[in-house]
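Numbering (our numbering), first residue to last: 186 to 538.
From the three backbone atoms N, C-alpha and C, an ideal C-beta is built for every residue, glycine too.
Keep in mind the model is a prediction, meaning the values are calculated, not measured.
Report on one structure; see the data block that follows.
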Ligand code: KG4
Ligand code: ZN
């Protein structure tokens, strides 16, 4: 089965051809226009998607050495995300499917991240546990079988990637800043500053990262620098803040993920989403898996970031299970993951979520 995927939920315009579950092409055009504003400007994002989408789709078909006549179905992200941005990819996808008289599948962006691990090797085996950590979301999900999900917990406030981006902005490291913090953290001391860790004991699988972000803000004020203008801070001090902040975030992510892995009947753990590119998170997760005899799957870096290959892959799973979407499907900026009430095994039912 050959599926064309389209992703426009935020600031990446992407199209991909996936054939029998293997990626034949994956074109990602990252919009640079937002950098000077220090964050994504929704109106500019939708305009840029409109400008780029046709060329990106053409390029994805050309790179896959195919054309529209050989596509069996079209999958496009329908939420969550910025509504004006989602509408661009969704309408292109629906129009192509209508014109070609082939099935259209609206795909949840977060489900795309959940299955992005299948785009590389090793592929997880069901049942598995997935930690999705991106700029917009942080969630732990149990996946007992294809397209069956149970969300164990999500962030109560900032997503992990959002905290990375906001701290990077305070340190003058640009936007998005996750990768810059990661690079600096390697040069710093993670024990230099004791930033808080929100374990939320009443919510063992939920997350909160606004506290650590605010702690960085107060730490900068204490050092006498204005957040966003850390010009006077010596490099080693910035590196120590990056390392200490990153250690606080990864402590919480690792502790909660492996607590869930202990309680669930899973042998495979997957970490996906933009923050899964973080080198400390990857290293620590791989050490934990080795210690516990679990198998870790993390997508290749190009599939951690937003991409259409993961959307095409979920589209293929849905087509295989006979699910197609109506052509009047609308964009849903707050779309939740489809949940399966029976997918939690008993040991976890007793744990407050
Ligand atoms: O999945 P993604 O491309 O977009 C969303 O769906 O949000 O994730 C982007 C996020 C940004 O917050 C970015 O700062 C973060 O992933 N990120 C990282 C790293 N690379 C990207 N965070 C920490 N360490 C990294 N190496
Ligand atoms: Zn994403």
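Q. Does the stretch 439-447 come close enough to the stretch 466-486 that 3 or more CB-CB pairs lie under 8 Å?
A. yes
(Q) Tell me whether the stretch 452-463 and the stretch 336-351 touch, counting them as touching only if at least three CB pairs, one residue from each stretch, are closer than 8 Å. (A) yes
Q.
Quick check: the Cα distance between residue 294 and residue 302, rounded to an integer number of angstroms?
A. Mapped onto the chain shown, residue 294 falls at position 109. Mapped onto the chain shown, residue 302 falls at position 117. If I take the Cα positions, the gap works out to 14 Å.
Q.
I'd like the span of the alpha helix (DSSP H) that includes residue 427, first residue to last.
A. Looking up residue 427 in the chain shown gives position 242. Per DSSP, residue 427 belongs to the alpha helix (DSSP H) from 420-448.
Q. Closer than 8 Å, CB to CB, is residue 257 near chain C or not?
A. Among the protein chains of the structure shown there is no chain C, as only one such chain exists.
Q) Per DSSP, what kind of secondary structure is residue 339 in: helix, strand or coil? A) Position 154 of the chain shown, counting from 1, holds the residue named residue 339. Reduced to three states, the DSSP call for residue 339 is strand.
(Q) I'd like the ranges of any beta strand (DSSP E) spanning at least 3 consecutive residues and lying wholly in the stretch 238-273. (A) 258-264
Q. CB of residue 319 to nearest heavy atom of the ligand ZN: below 7 Å?
A. Taking the chain shown and counting its residues from 1, the one referred to as residue 319 is at position 134. Yes, since a heavy atom of the ligand ZN falls inside the 7 Å radius drawn around the Cβ of residue 319.
Q. When DSSP builds the beta bridges, which residues end up paired with residue 392?
A. Translated into the one-based positions of the chain shown, residue 392 becomes position 207. Per DSSP, 340.
Q: Inspect the CB distances between the stretch 275-292 and the stretch 493-512 and report whether three or more fall short of 8 Å.
A: yes
Q. To the nearest whole angstrom, what separates the beta carbons of residue 273 and residue 235, a pair I think is in contact under 8 Å?
A. The count along the chain shown starts at 1 and reaches residue 273 at position 88. The count along the chain shown starts at 1 and reaches residue 235 at position 50. 6 Å between Cβ atoms; contact.
Q | Range covered by the alpha helix (DSSP H) that runs through residue 300 | A | Translated into the one-based positions of the chain shown, residue 300 becomes position 115. Element bounds for residue 300: 294-300.
**Q.** Inside the stretch 466-530 only - alpha helix (DSSP H) runs reaching at least 4 residues
**A.** 486-489, 494-505
Q: Inspect the beta-carbon positions of residue 322 and residue 525 and report whether they are closer than 8 Å.
A: Within the chain shown, the letter at position 137 stands for residue 322. Within the chain shown, the letter at position 340 stands for residue 525. Contact flag unset, no.
Q: Could you give the DSSP three-state label for residue 203: helix, strand or coil?
A: Against the chain shown, residue 203 aligns to sequence position 18. Note: residue 203 maps to strand in three-state DSSP.
Q. Looking at residue 506 and residue 313, is the spacing between their C-beta atoms short of 8 Å?
A. Counted from its first residue, the chain shown places residue 313 at position 128. Counted from its first residue, the chain shown places residue 506 at position 321. Contact: no.
(Q) If I measure Cβ to Cβ from residue 355 and keep anything under 8 Å in the same chain, skipping five residues before and after, which residues do I get? (A) Against the chain shown, residue 355 aligns to sequence position 170. Counting only Cβ-Cβ distances below 8 Å, and skipping sequence neighbours, we find 401, 402, 405, 412, 413, 415.
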